[in-house]
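In order, the protein sequences belong to chains A and B. The working numbering numbers the first residue of the first sequence as 13 and each following residue consecutively. The working numbering numbers the first residue of the second sequence as 13 and each following residue consecutively.
There are 2 protein chains.
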Amino acid sequence: MHSIQQLQEIINKAIADTKYTQKPTELYEPISYLMELGGKRMRPVLVLLSTELFGGDVMKALDAAIGIELFHNFTLMHDDIMDKAPLRRGKPTVHAKWSESAAILSGDVMFVEAYKMMIKVDDSILREVLDIFSDTASGVCQGQQADMNFENHDEVTVDEYLLMIKQKTAVLLAGSMEIGALIGGAEKKQAKLLHEFGENLGLAFQLQDDILDVYGDPEKFGKLVGGDILANKKTFLLIKAKELAKNHKSTELAKWTNGTSHDATQKIAAITSIYDSLEVRKLAEAQMEQFVTKAITALNQTGIENDTKVILQSFAESLLIREQ
Amino acid sequence: MHSIQQLQEIINKAIADTKYTQKPTELYEPISYLMELGGKRMRPVLVLLSTELFGGDVMKALDAAIGIELFHNFTLMHDDIMDKAPLRRGKPTVHAKWSESAAILSGDVMFVEAYKMMIKVDDSILREVLDIFSDTASGVCQGQQADMNFENHDEVTVDEYLLMIKQKTAVLLAGSMEIGALIGGAEKKQAKLLHEFGENLGLAFQLQDDILDVYGDPEKFGKLVGGDILANKKTFLLIKAKELAKNHKSTELAKWTNGTSHDATQKIAAITSIYDSLEVRKLAEAQMEQFVTKAITALNQTGIENDTKVILQSFAESLLIREQ
Chain A
13 MHSIQQLQEI INKAIADTKY TQKPTELYEP ISYLMELGGK RMRPVLVLLS
63 TELFGGDVMK ALDAAIGIEL FHNFTLMHDD IMDKAPLRRG KPTVHAKWSE
113 SAAILSGDVM FVEAYKMMIK VDDSILREVL DIFSDTASGV CQGQQADMNF
163 ENHDEVTVDE YLLMIKQKTA VLLAGSMEIG ALIGGAEKKQ AKLLHEFGEN
213 LGLAFQLQDD ILDVYGDPEK FGKLVGGDIL ANKKTFLLIK AKELAKNHKS
263 TELAKWTNGT SHDATQKIAA ITSIYDSLEV RKLAEAQMEQ FVTKAITALN
313 QTGIENDTKV ILQSFAESLL IREQ
Chain B
13 MHSIQQLQEI INKAIADTKY TQKPTELYEP ISYLMELGGK RMRPVLVLLS
63 TELFGGDVMK ALDAAIGIEL FHNFTLMHDD IMDKAPLRRG KPTVHAKWSE
113 SAAILSGDVM FVEAYKMMIK VDDSILREVL DIFSDTASGV CQGQQADMNF
163 ENHDEVTVDE YLLMIKQKTA VLLAGSMEIG ALIGGAEKKQ AKLLHEFGEN
213 LGLAFQLQDD ILDVYGDPEK FGKLVGGDIL ANKKTFLLIK AKELAKNHKS
263 TELAKWTNGT SHDATQKIAA ITSIYDSLEV RKLAEAQMEQ FVTKAITALN
313 QTGIENDTKV ILQSFAESLL IREQ
């Protein structure tokens with residue numbers, strides 16, 4: 013059994029060892045560049061953990077794990093164009109460093125590379141893995157489009173928001189785990205339970221991110237606290253607050269989220285105070301807890317008892333520890 | 013046996029019957045829109061013809077044929093963004109009608125849909141078909157990047173040009189035919205021969221296009237005669253002319269291709285006259301003839317004798333009839 017850190021090392025080594033040296037270089041250099049920017053490698057780690065959960069050899073799942081990471085980074089490459097983001101992990105984004113055309117086309121070829129890695133699985137699970145991978149890919153694109161649409165919609169419901177984060181974030185964790193499970197020798201039904209675990213874990217993760225943006229410890233969070241508030245991002249907290257705010261509190265919230273020339277510190281303080289008074293943090297935490305409970309229930313239903321299950325379980329439960 | 017027209021009708025009906033109704037609509041409407049703009053459907057027709065060549069049922073190859081057309085249209089959707097093209101077949105391009113972000117993301121999801129269609133082939137050929145499809149997709153991306161790079165390179169050799177058109181155009185015809193052959197029950201070796209046929213056919217087609225741009229009958233050609241000349245496009249004719257032109261002819265050619273403020277009619281006449289004096293048309297035709305001969309040789313090596321072979325053969329030979 014491997015620790016998460018060991019799995020990250022296996023993945024980072026595989027990524028460092030894979031050279032994309034084909035021509036033209038404008039297509040292949042951005043792949044290496046983006047893949048080597050680092051990160052927690054959460055998705056490929058989940059592939060390997062899921063393989064190990066069913067007693068499979070992680071090395072057998074490594075190609076698929078890299079395929080998942082390639083896919084994830086391909087979506088980042090294209091998302092960064094759409095979001096006009098200049099930086100990713102503190103480095104210039106691909107479209108900023110090369111060109112927008114290079115980022116579109118290099119992303120396309122990166123997606124092909126992702127499929128090529130997925131295709132390496134055994135014949136016995138090839139069709140199943142490809143079906144899961146393709147459905148996952150469609151879901152992620154749908155989530156990204158829904159997220160972009162939210163920027164122009166005044167009214168977004170909690171249900172619409174949960175569907176969006178499910179597609180944009182959770183389905184990829186779910187797909188990673190289902191594929192990993194199949195490679196590990198899981199039965200279809202067990203793989204589906206891992207899918208359920210991953211999906212609920214992903215939903216809980218995103219809600220945690222929404223909460224940490226407002227209530228996180230600036231030193232631990234790693235991002236600017238209040239960033240979502242400043243960007244008027246429709247997070248669970250804001251959507252819930254809009255839903256609950258009445259009379260002058262509603263007017264107050266609208267004032268801060270509509271205007272663009274507010275002082276940043278004042279805006280963060282004002283909106284946080286509205287969130288506090290409406291207790292939306294508690295609601296978000298309760299929703300998160302539901303997802304974590306669902307995730308753990310699904311994991312327990314697999315009927316597996318081993319060290320990897322404990323790792324996955326504590327991975328999920330760690331979300332329940334509140335950051336103050 | 014079906015005629016090409018009948019196959020086009022089968023494909024157009026299948027496209028008209030397939031509705032992309034998933035949400036968000038910004039992702040799926042552009043797929044229907046672009047697929048229904050029409051066209052000769054050459055690539056899916058070649059899939060079906062290749063299936064029939066080996067005695068297979070064209071209906072069994074229909075999903076893969078649509079997958080190839082989806083892939084082709086996905087590349088057009090992304091190419092149009094990169095080329096900043098406002099129109100495609102006289103209608104607004106996807107990025108012009110929706111937005112650039114929608115065109116990027118809808119293209120991505122269209123690519124997934126293409127894979128989903130390819131995955132429907134029988135288990136016995138699934139891995140092979142996916143390998144061919146993925147390699148084809150990489151090749152097309154490489155060709156598009158090479159084509160874009162040529163715009164900024166002063167010196168492009170004939171070999172570089174032939175590699176570019178092979179990747180950008182010919183590999184997709186080759187892949188379509190190889191996949192169609194496998195679905196039709198061809199042996200691997202026979203499918204490879206169809207690949208060779210398709211590749212050489214594609215190369216010949218592109219050279220014909222280069223020739224017709226200058227020497228085509230304006231009424232038959234369907235595009236502006238001299239369009240490549242006006243755009244200083246590095247076609248076989250221009251590359252060859254640059255290679256052969258000496259002294260004042262070389263200066264003359266450079267003058268017309270470097271300047272931007274020339275009168276269009278004068279420029280077309282002047283460059284055509286240089287082409288005539290260097291006899292580059294003959295060289296292009298000789299090169300084309302080589303490709304057609306290679307294509308037909310490959311087809312004959314399949315050892316198949318039936319009506320479909322005759323259709324493919326005359327398809328290839330029709331390229332040898334000069335348009336005056």
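Every residue gets a Cβ at the ideal spot worked out from N, C-alpha and C, and that includes glycine.
- Using a Cβ-Cβ cut-off of 9 Å, D166 (chain A) does not count as an interface residue toward chain B, since no Cβ of chain B sits closer than that to its own.
- Bounds of the alpha helix (DSSP H) holding A193 (chain B) are V183 to I195.
- Inter-residue distance for F145 (chain B) and E264 (chain A) is about 56 Å (C-alpha atoms, whole angstroms).
- In this structure, I223 (chain A) lies away from L185 (chain A), with their beta-carbon atoms at least 9 Å apart.
- In the three-state scheme derived from DSSP, where H, G and I count as helix and E and B as strand, K103 (chain B) is classed as strand.
- Close to L39 (chain A), with beta-carbon spacing below 8 Å, are these residues of chain B in chain order: C153, Q154 and Q157.
- Membership of Y287 (chain A) in the alpha helix (DSSP H) is indicated by the continuous run A276 to L290.
- Contact between M94 (chain B) and M160 (chain B) holds, since their C-beta atoms are separated by about 7 Å, short of 8 Å.
- R139 (chain B): member of the alpha helix (DSSP H) spanning D135 to N164, first to last residue.
- Counting only Cβ-Cβ distances below 7 Å, Y127 (chain A) has contacts in chain B at Y127 and S146, in chain order.
- Within 8 Å of the CB of F123 (chain A), the CB atoms of chain B belong to D120 and F123, in sequence order along the chain.
- One Cα belongs to S150 (chain A), the other to S113 (chain A), and the distance between them is close to 22 Å.
- Taking 9 Å as the cut-off between beta carbons, none of the residues of the segment 43-74 of chain B comes near chain A.
- Scanning chain B for C-beta atoms nearer than 8 Å to the C-beta of H90 (chain A) yields I116, L117 and D120, reported in chain order.
- Distance check between E211 (chain B) and each of B:D29, B:M300, B:T63 and B:K235 places B:M300 closest, using alpha-carbon atoms only.
- At a beta-carbon threshold of 8 Å, none of the residues of chain A lie near D171 (chain B); the nearest stands roughly 13 Å away.
- At a cut-off of 9 Å, the C-beta of L142 (chain A) has a neighbouring C-beta in chain B.
- Close CB contacts of L39 (chain B) within its chain, under the 7 Å cut and outside five residues either way in sequence, are with L117, S118 and V121 (chain order).
- With fewer than 16 other CB atoms across the displayed protein chains lying within 10 angstroms of its CB, P230 (chain A) is exposed.
- Straight-line measurement puts the Cα of A115 (chain A) at about 7 Å from the Cα of H90 (chain A).
- Non-local beta-carbon contacts of I78 (chain A) in its own chain, meaning distances under 8 Å to residues more than five positions away in sequence, involve I23, A26, I27, T30, P56 and M129 in chain order.
- Residues of the same chain with a CB within less than 6 Å of the CB of E329 (chain A), apart from the 5 flanking positions on each side, do not exist.
- Here the C-alpha atom of A243 (chain A) lies approximately 11 Å from the C-alpha atom of N270 (chain A).
- Counting only Cβ-Cβ distances below 7 Å, L138 (chain A) has contacts in chain B at L138 and R139, in chain order.
- Look at Q34 (chain B) here: in three-state DSSP terms it is coil, with no helix or strand label.
- Chain order gives the chain B residues near N161 (chain A) as P36 and E38, where near means a beta carbon separation below 8 Å.
- In the DSSP assignment, G119 (chain A) falls within the unbroken alpha helix (DSSP H) covering E112 to M130.
- Take A97 (chain B), set aside five residues on each side of it, and the residues of its chain with a beta-carbon closer than 7 Å to its own are T105, in chain order.
- Closest option to F66 (chain B), judged by alpha-carbon separation, among B:F209, B:Q17 and B:T314: B:T314.
- Within the same chain, A216, Q220 and V304 come within 6 Å of L331 (chain A) by CB-CB distance, once the 5 residues on both sides are set aside.
- Less than 9 Å divides the Cβ of A76 (chain A) from the Cβ of G192 (chain A).
- Here the C-alpha atom of S188 (chain A) lies approximately 51 Å from the C-alpha atom of A296 (chain B).
- Short of 7 Å from the beta carbon of Y287 (chain B), and not among the five residues preceding or following it, lie these beta carbons of its own chain, in chain order: V226, L249, A253 and R293.
- Think of a sphere of 7 Å around the beta carbon of A149 (chain B): the chain A residues whose beta carbon falls inside it are V124, in chain order.
- L311 (chain A) sits close to L206 (chain A), with the two beta carbons spaced by under 9 Å.
- Between A307 (chain B) and L213 (chain B), the C-beta gap is smaller than 9 Å, which places the two residues in contact.
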